[in-house]
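Below is one structure, written out as structure tokens, with a few remarks after it.
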Amino acid sequence: MGKDHLLRVPPTTRLLPLPGLPLALHDHGGDGPPVLLLHGFLDTGRSFDAVAAAAPHLRVLALDFRGHGASPRAPLCASYHQLDHLKDLIRTLDRLEEEGLAPEILAGHSMGGIVALLLAGCWPERVRRLLLIESLGARPATPSEQVGRLGRALRAFAGGPVPFRSFATPAAAAARVRENNPRLSAEGARRFTEPILRRRADGRWEFPFDPRLRGPSPFRHSEEFWLEVCRRVTAPVEVLAGEHGLLPAFPAAAGRLAALPRARLRTVPGAGHALHLDHPDEIAAALGRLLTSPATTA
1182 MGKDHLLRVP PTTRLLPLPG LPLALHDHGG DGPPVLLLHG FLDTGRSFDA
1232 VAAAAPHLRV LALDFRGHGA SPRAPLCASY HQLDHLKDLI RTLDRLEEEG
1282 LAPEILAGHS MGGIVALLLA GCWPERVRRL LLIESLGARP ATPSEQVGRL
1332 GRALRAFAGG PVPFRSFATP AAAAARVREN NPRLSAEGAR RFTEPILRRR
1382 ADGRWEFPFD PRLRGPSPFR HSEEFWLEVC RRVTAPVEVL AGEHGLLPAF
1432 PAAAGRLAAL PRARLRTVPG AGHALHLDHP DEIAAALGRL LTSPATTA
């Protein structure tokens, strides 16, 4: 076990009884202001454990999206589109409000940031403050690109899901994670794999992701759409970028950042895409800064 476990006990994980499909919520407890963290694609809420350890003054809540981690897989008649994640997020916020845990900050890494930004722009009063970690919306697509993308998605659907690979040991799984994320440290890979790897009956190890998550996303929006989403955000926004992450090389980033009415950008020197795994203190500090900003009011 790494040093994180000396700082904070594992979260309490429970299934939120949401309409349609329950979702797993990892609750790190405490009496501080609640914040809700959304993970990226093929990640889980447990990747924010180190962030919670670095932010004991907050009540950190981390969601597992459908088909990820401890959340159930969507039924075969359902899907994993952005709209599905948005609906799940709205139901989650409704439930947290009923429990007196309405988040002061909605934070999202990568795909989680895309979902959070969409909600903040399309339903601004639902998001009081917004933290985007290596995320400023999805890549845009022209009509021609969109038609091609949808065609690839349909062919992938017809071919059926392709299982994710399994591993002989947890160390082999962590090594594979680092192959796919060259700037991720060994400690960051441990933080990702250790809480979620599952051992199968045959003794091999696997990640808790639905194979139907694989394949191209069927729909993408135009750049004009994303700029309009950004213009409509009323919450204060902090954008965290890794110096060597995906955001600095994203051509649309500057325009979208300028379109956000109340945004500030912070770049973390030496960091890659997985800021939450390798630089949890930076995430905790950003959450603290946002709490001092006047929030959106309903």
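Counting from 1, position 267 in the sequence shown corresponds to residue 1448 in our numbering; the numbering is continuous, with no gaps.
Note that beta-carbon positions come from the ideal geometry of N, C-alpha and C, so glycine has one too.
With a threshold of 8 Å on Cβ separation, who are the neighbours of residue i within its own chain once the five nearest residues in sequence on each side are excluded?
| i | result |
| --- | --- |
| A1433 | L1317, G1318, R1320, P1321, E1404, W1407 |
| L1277 | P1215, L1217, L1242, A1283, P1284 |
| R1357 | R1346, F1348 |
Would you kindly report the start and end of the unbroken beta strand (DSSP E) that includes residue i?
| i | result |
| --- | --- |
| D1208 | 1204-1208 |
| H1266 | Taken as a continuous stretch (DSSP letters only), H1266 belongs to no beta strand (DSSP E), being part of the alpha helix (DSSP H) at 1263-1279. |
| G1423 | 1418-1423 |
| L1313 | 1311-1314 |
| L1408 | Element bounds for L1408: not the beta strand (DSSP E) but the alpha helix (DSSP H), 1404-1412. |
Relative to the alpha-carbon of residue i, which residue among the options has its alpha-carbon at the smallest distance?
| i | options | result |
| --- | --- | --- |
| A1236 | L1274, L1282, D1212 | D1212 |
| K1268 | I1377, P1392, A1353, R1307 | R1307 |
| I1377 | D1224, L1199, P1198, G1210 | D1224 |
| P1256 | L1427, D1391, S1291 | D1391 |
| R1310 | A1422, P1200, A1416 | A1416 |
| T1193 | L1242, P1203, S1291, L1394 | L1242 |
| F1348 | R1195, A1337, R1381 | R1381 |
| G1294 | E1315, N1361, E1280, G1340 | E1315 |
| L1456 | E1368, R1379, E1409 | E1368 |
| R1393 | H1249, A1205, L1458 | H1249 |
| T1350 | R1379, N1361, W1386 | W1386 |
For the alpha helix (DSSP H) that residue i lies in, which residues bound it at each end?
| i | result |
| --- | --- |
| I1377 | Segment: none, I1377 is in no alpha helix (DSSP H) and carries neither H nor E. |
| L1300 | 1292-1303 |
| L1438 | 1434-1440 |
| R1357 | 1351-1361 |
Give the DSSP-derived three-state secondary structure of residue i in the structure shown.
| i | result |
| --- | --- |
| F1229 | helix |
| H1460 | coil |
| A1476 | coil |
| A1337 | helix |
| V1241 | strand |
| V1449 | strand |
| P1215 | strand |
| L1331 | helix |
| G1289 | strand |
| F1388 | coil |
| L1197 | strand |
| A1444 | strand |
Identify, in the order they occur along the chain, each residue of the same chain with its Cβ nearer than 6 Å to the Cβ of residue i, setting aside the five sequence neighbours on each side.
| i | result |
| --- | --- |
| P1284 | P1215, V1216, L1217 |
| E1419 | L1312, R1445, A1467, L1471 |
| G1226 | H1207, H1220, A1243, L1244, D1245 |
| S1291 | G1221, E1315, S1316 |
Roughly how many angstroms lie between the CA atoms of residue i and residue j, to the nearest whole one?
| i | j | result |
| --- | --- | --- |
| L1335 | L1438 | 33 Å |
| S1228 | D1462 | 13 Å |
| M1182 | P1397 | Confidence is the limiting factor: at M1182 the pLDDT is only 37, short of 50, which leaves the residue's position unreliable and the question unanswerable from this model. |
| G1469 | S1260 | 35 Å |
| F1400 | R1330 | 7 Å |
| V1328 | H1402 | 12 Å |
| A1430 | R1372 | 26 Å |
| A1476 | L1300 | 15 Å |
| L1199 | T1273 | 7 Å |
| L1239 | G1340 | 45 Å |
| I1286 | H1209 | 15 Å |
| R1247 | R1333 | 23 Å |
| V1190 | D1230 | 9 Å |
| L1174 | L1196 | Beyond the ends of the chain as shown, which are 1182 and 1479, falls residue 1174; an answer cannot be given. |
Keeping to the same chain, check which residues put their C-beta closer than 7 Å to that of residue i; ignore five residues upstream and five downstream.
| i | result |
| --- | --- |
| A1465 | V1232, A1235, A1236 |
| C1411 | G1302, R1437, A1440, L1441 |
| V1296 | L1219, Q1263, H1266, L1267, L1270, G1289 |
| E1424 | T1448, V1449, P1450, G1451, A1452 |
| A1355 | A1370, R1371, T1374 |
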